[in-house]
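J.: Mind having a look at this structure? Questions to follow.
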Amino acid sequence: MRTRLLILQPTPFCNIDCDYCYLPERDSTARMSLDTVRHAAERLRDDGLAGPELTVVWHAGEPLAMPIAFYDEAVALLQEVFGPACEVSHSIQTNAMLIDDAWCALFKRHAMRIGVSVDGPAQLHDAHRRTRTGRGTHERVLRGMARLRAHGIAFHAIAVVTPATFAQADAFFDFFVAQGVTEVGCNYDEAEGPHAHSSLVGHEGAHAAFLARLLERSIDSGGGGLRVRELAMALQLVSRPLPTWHGQGHDWPENAQTLPFALVTVAHNGDFSSFSPELLGQPSPEFSNFILGNVMAGSYLDSARGEVFTRLWDAVLRGTRECERTCAHYGFCGGGAPANKLYENGDLASGETLYCRTMLKRPFDTVLARLEREGQVSGVQE
8 MRTRLLILQP TPFCNIDCDY CYLPERDSTA RMSLDTVRHA AERLRDDGLA
58 GPELTVVWHA GEPLAMPIAF YDEAVALLQE VFGPACEVSH SIQTNAMLID
108 DAWCALFKRH AMRIGVSVDG PAQLHDAHRR TRTGRGTHER VLRGMARLRA
158 HGIAFHAIAV VTPATFAQAD AFFDFFVAQG VTEVGCNYDE AEGPHAHSSL
208 VGHEGAHAAF LARLLERSID SGGGGLRVRE LAMALQLVSR PLPTWHGQGH
258 DWPENAQTLP FALVTVAHNG DFSSFSPELL GQPSPEFSNF ILGNVMAGSY
308 LDSARGEVFT RLWDAVLRGT RECERTCAHY GFCGGGAPAN KLYENGDLAS
358 GETLYCRTML KRPFDTVLAR LEREGQVSGV QE
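Going by the working numbering, the final residue of the sequence shown carries number 389, and the count climbs one at a time with no gaps.
Set out below in structure tokens:
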């Protein structure tokens, strides 16, 4: 198994205060050093975890709170460490409020893939994504997206949907088409970390109707080039289920959140973890706050010999086996998301979650129902 995603958290600080945020330290202005970036990369290379392709995701807090020069130097440093044997691509998830011409120049210099966090029209977005003084942020996000378009930079969006969104499916869809968004992902306000309750509880039927309407708009209206991530992924899975990875005498559907070091997350101070990126740093005496080690002190594979990793991997594995035993969608998912199992069910070794039903099962069943109505279940094309 090679590492597919290296998630680097350059700073926990965020310049806004979304009411559904799961990050416990978003007021901290701590920053990742270039030395930490180097060690994170060298550990991956020296452990033999880097394959021919690697995606580096700059995420958590607001990545654009870091200086532009940091990214120029970090990109060069990562290329130096991995060399020509590994093609490194970069993605940034941003609230877009700080985007200006200088940031756009950086994105183009390094062919960065840009994701914008925006929840749709102003009345939906500003209900939750506000400044620390309670002001809406939608207008500034629109300005940031306008700069991206002015520079010819394609971007996708991630929206957090709530029951208020479900009643405005057409306005939601039209907003992203009008903004020139190529793809929108529909997350929801998950129960994770300090955000203890999801507004989706009790509204799953409305979410199903919302997905059905988005699919109808995408297919029947041409969609203006807009892809809905969950529906597009479901269509892909119908035609081509997950590949498998063989380990411990068993074939596992590939899910980066359930396989060790398929995904590696490194915090600003060098602490690292694997499995769900949302786990790193969350309070847990049993799993040492999900910190497997620190890149300044030891390698990723060294941590696999430790007690924390052993306990964590055992719990995640038992959860995956529970999914395999009980869930008809297992072959399309590979065991769900450990973070959601922990925060929803109180146990990493558990099965179905609201996250499973929302992010995989309902999109999958929505697409399958449409294909069945049209007689296209056999030989589906992407």
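Quick reminder that beta carbons are idealized off the backbone N, C-alpha and C, glycines included.
Less than 9 Å between the beta carbons of residue 200 and residue 362, yes or no?
T.: no
J.: According to the Cβ coordinates, are residue 233 and residue 225 closer than 9 Å?
T.: yes
J.: Just mark residue 57 as buried or exposed, buried being the case when its beta carbon has 16 or more other beta carbons within 10 Å.
T.: Residue 57 comes out buried.
J.: List the endpoints of the continuous alpha helix (DSSP H) containing residue 109.
T.: 108-116
J.: In angstroms with no decimal places, state the Cα-to-Cα distance between residue 259 and residue 253.
T.: When the Cα atoms are used, residue 259 and residue 253 turn out to be separated by approximately 6 Å.
J.: Would you list the one or two residues that DSSP bridges to residue 99?
T.: In the DSSP output, where bridge partners are listed per residue, residue 99 has 65, 121.
J.: So, for residue 186: in the same chain, excluding its five sequence neighbours on each side, which residues have a beta-carbon less than 7 Å away from its beta-carbon?
T.: 152
J.: Inspect the beta-carbon positions of residue 293 and residue 318 and report whether they are closer than 9 Å.
T.: yes
J.: Looking at residue 188: is its Cβ nearer than 9 Å to the Cβ of residue 124?
T.: no
J.: Return the CA-CA distance between residue 29 and residue 140, expressed in angstroms with no decimal places.
T.: 19 Å
J.: Which value, in whole angstroms, describes the spacing of the CA atoms of residue 54 and residue 39?
T.: 22 Å
J.: Leaving out five residues before and five after residue 198 in sequence, what residues of the same chain have Cβ atoms less than 7 Å from its Cβ?
T.: 204, 205, 350, 351
J.: Which runs of the beta strand (DSSP E) fall wholly inside the stretch 41-94 and span at least 3 residues, in chain order?
T.: 57-65
J.: Just verifying my parser: in three-state terms, what is the DSSP assignment at residue 358?
T.: coil
J.: Tell me whether residue 270 sits in a helix, a strand or coil according to DSSP, three-state version.
T.: Strand.
J.: Over the uninterrupted beta strand (DSSP E) stretch that includes residue 1, give me the two end residues.
T.: Only positions 8 to 389 of the chain appear in this structure, which leaves residue 1 out of reach.
J.: Could you give the distance in angstroms between the alpha-carbon of residue 135 and the alpha-carbon of residue 143?
T.: 8 Å
J.: Whose CA, out of 104, 41, 12, 32, lies closest to the CA of residue 59?
T.: Among 104, 41, 12, 32, the Cα nearest to that of residue 59 is on 12.
J.: What does the Cβ neighbour count give for residue 96, buried or exposed, with the cut at 16 atoms within 10 Å?
T.: exposed
J.: Starting from the C-beta of residue 387, find all residues in its chain whose C-beta is less than 8 Å away, skip the five residues before and the five after it, and write them out in chain order.
T.: Bear in mind that the predicted position of residue 387 carries a pLDDT of just 37, short of 50, making it too unreliable to give a figure here.
J.: When burial is assigned at 16 or more other CB atoms within 10 Å of the CB, is residue 91 buried or exposed?
T.: exposed
J.: What separation, rounded to the nearest whole angstrom, lies between the Cα atoms of residue 137 and residue 172?
T.: Near 17 Å, if we compare the C-alpha coordinates of residue 172 and residue 137.
J.: Looking at the secondary structure, which residues open and close the beta strand (DSSP E) in which residue 195 lies?
T.: 190-195
J.: Distance check for residue 275 and residue 63, CA to CA, integer angstroms please.
T.: 14 Å
J.: CA-CA distance, residue 269 and residue 98?
T.: Take the alpha-carbon of residue 269 and the one of residue 98: they are about 17 Å apart.
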